[in-house]
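Residue numbers (the working numbering), protein chains in the order written: chain A, 13 to 189; chain B, 19 to 243. Using N, Cα and C, we set each Cβ at its ideal position, and we do this for glycine too. Structure, as structure tokens:
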Amino acid sequence: MSTPDAVLGLLQRGPRHGYDLKREHDTRFPLAKPLAFSQVYATLGRLQRDGLAEVTEQQPGDGPERTVYGLTAKGRRRLDDWVGEPEPPAPHVANVLFTKLVVALLGGADGGRYLDVQRSAHLARMRELTAVRRVGAPAEALAADYALFHLEADVRWLETTLQRLPSLAATLEEVRA
Amino acid sequence: MTALLEARRLVKSFGATPALRGVDLTVEAGEVVAVLGASGSGKSTLLHCLAGLTRPDAGEVHLDGTRLDTATDRERTRLRRTAIGVVFQYGQLVPELTAQENVALPLLLGRRGKQEALAAAKTWLDRLGVGEQRDQRPGQLSGGQQQRVALARALVTEPRLVVADEPTGALDSIAAEQVMELLSGVARASGTTVVLVTHDLRVASYADREVVLRDGVVSGAGVLA
Chain A
13 MSTPDAVLGL LQRGPRHGYD LKREHDTRFP LAKPLAFSQV YATLGRLQRD
63 GLAEVTEQQP GDGPERTVYG LTAKGRRRLD DWVGEPEPPA PHVANVLFTK
113 LVVALLGGAD GGRYLDVQRS AHLARMRELT AVRRVGAPAE ALAADYALFH
163 LEADVRWLET TLQRLPSLAA TLEEVRA
Chain B
19 MTALLEARRL VKSFGATPAL RGVDLTVEAG EVVAVLGASG SGKSTLLHCL
69 AGLTRPDAGE VHLDGTRLDT ATDRERTRLR RTAIGVVFQY GQLVPELTAQ
119 ENVALPLLLG RRGKQEALAA AKTWLDRLGV GEQRDQRPGQ LSGGQQQRVA
169 LARALVTEPR LVVADEPTGA LDSIAAEQVM ELLSGVARAS GTTVVLVTHD
219 LRVASYADRE VVLRDGVVSG AGVLA
């Protein structure tokens, strides 16, 4: 995930200070890796440097003053451009699952067993996510749904590969020879 | 846990084509199990053998102490009216009957009184969120509503086992999700055992575990998450 774009996205709802941004990020993207405070402030510094965000207020608190950041007009345009542009669909096939299968087949391993074990692990994770979707908050359900569809695609690929395995293995055997 | 359903070395062929080539499967009471596999892997044949709809060529099927594969047709019919609920992909509701009459049908065939059967049907239709549609015929219902009615019909006898063959196969993602929420929710609340065949992995993720068939044999099985 692009952290600067995600932070710009959160700022579009109004100025925020770093603590609020971190908290809102972790709420809106619940199954993503939580954002570290240091990462929030480093990102805000870069956005400010590039003219995409600006300091709008210094709020007094119990401790040091809290700096509130808002979106600039340039930041708004940058955000609109980012949202409006399609992401390149799968530009690189660099998935670990794919790499591991090729390595397993090159080494003469039982590809069917690898696929069975991986499918079982995927379905176990899908069961966890289905439970999250059932009882979680709306943002969690949304994130779980996204993950479920992607895991399903992985397993579909595993199933198809399993059916193609005999011819794949023969081709790799020829390459090895 | 106790095994409610047990299949031992099931073999079934259709002509020269083998569908099951020695399937062993044990399902504990209260479990929800998904049977996965490519087209032609034998999953529907397995389900039909487990429900007593098809006799295997060899092997045994035990349901809660009763041997299904050698039971008489009359005994198997009795079990399907009392102990086994069946759901198919397209509901297979009787088009001339209302939703309530469709759900009451298994009870009426089991010689229960009409008023009692209709009252039980209404309770299940309400529970599955289609109570307001009880006077409508299947043709007037959406696919998701029809499948809920089919689910109510499978559950109205309070069976120990529900077998479902692609129960969401004709539904879109959202309707499929709603049907699975209801099926798995009711099963867990009532301790009903469910064996369902599906090609949809998100549907399978509602199960406690999956069994994968490949070329008529069990290929891989997951464990309780």
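Unbroken beta strand (DSSP E) run spanning residue i, endpoints
| i | result |
| --- | --- |
| residue 30 of chain B | 21-32 |
| residue 78 of chain B | 76-81 |
| residue 148 of chain B | Residue 148 of chain B -> no beta strand (DSSP E), and no H or E assigned at all. |
| residue 52 of chain B | 50-54 |
Per-residue contacts from residue i into chain A (C-beta, under 7 Å)
| i | result |
| --- | --- |
| residue 56 of chain B | 171 and 175 |
Residue from the options whose Cα sits closest to the Cα of residue i
| i | options | result |
| --- | --- | --- |
| residue 65 of chain B | B:37, B:125, B:88 and B:89 | B:37 |
| residue 52 of chain A | A:71, A:113, A:29 and A:69 | A:29 |
| residue 114 of chain B | B:91, B:237, B:159 and B:217 | B:159 |
| residue 47 of chain B | B:207, B:215 and B:230 | B:207 |
| residue 138 of chain A | B:199, B:223 and B:95 | B:223 |
| residue 28 of chain B | B:41, B:35 and B:165 | B:41 |
Short CB-CB distance (under 9 Å) between residue i and chain A
| i | result |
| --- | --- |
| residue 240 of chain B | For residue 240 of chain B, the predicted model reports a pLDDT of 47, less than 50, meaning its position is unreliable and no value from the coordinates is stated. |
| residue 232 of chain B | yes |
| residue 119 of chain B | no |
| residue 199 of chain B | yes |
| residue 45 of chain B | no |
Amino acids of chain B, ordered along the chain, whose beta-carbon sits closer than 8 Å to that of residue i
| i | result |
| --- | --- |
| residue 93 of chain A | Simply none; closest approach about 31 Å. |
| residue 167 of chain A | 219 |
| residue 142 of chain A | 220, 223 and 224 |
DSSP state of residue i mapped onto helix, strand, coil
| i | result |
| --- | --- |
| residue 16 of chain B | In the structure as shown, chain B begins at 19 and stops at 243. Residue 16 of chain B is therefore absent and cannot be evaluated. |
| residue 50 of chain A | helix |
| residue 144 of chain A | helix |
| residue 158 of chain B | helix |
| residue 97 of chain A | coil |
| residue 40 of chain B | strand |
| residue 73 of chain B | coil |
| residue 79 of chain A | strand |
| residue 104 of chain B | strand |
| residue 172 of chain A | helix |
| residue 66 of chain B | helix |
| residue 231 of chain B | strand |
| residue 29 of chain A | strand |
| residue 35 of chain B | strand |
| residue 223 of chain B | coil |
| residue 36 of chain A | helix |
Proximal residues of chain B, C-beta to C-beta of residue i below 9 Å
| i | result |
| --- | --- |
| residue 164 of chain A | 218, 219, 220 and 223 |
Closer than 9 Å to chain B by CB, residue i
| i | result |
| --- | --- |
| residue 179 of chain A | no |
| residue 160 of chain A | yes |
| residue 50 of chain A | no |
| residue 135 of chain A | yes |
| residue 148 of chain A | no |
| residue 123 of chain A | no |
| residue 78 of chain A | no |
| residue 89 of chain A | no |
| residue 5 of chain A | The structure shown does not extend to residue 5 of chain A, since chain A is modelled only from 13 to 189, so the question has no answer here. |
Continuous alpha helix (DSSP H) stretch holding residue i: start and end
| i | result |
| --- | --- |
| residue 183 of chain B | Note, residue 183 of chain B: premise wrong, no alpha helix (DSSP H); beta strand (DSSP E) at 179-183. |
| residue 69 of chain A | No alpha helix (DSSP H) holds residue 69 of chain A; the beta strand (DSSP E) holding it covers 65-71. |
Proximal residues of chain B, C-beta to C-beta of residue i below 7 Å
| i | result |
| --- | --- |
| residue 113 of chain A | Ordered by position in chain B, no residue passes the 7 Å Cβ test against residue 113 of chain A, which lies about 15 Å from the chain. |
Within-9 Å CB hit, residue i to chain E
| i | result |
| --- | --- |
| residue 69 of chain A | Note that chain E does not occur in the displayed structure, where the protein chains are A and B. |
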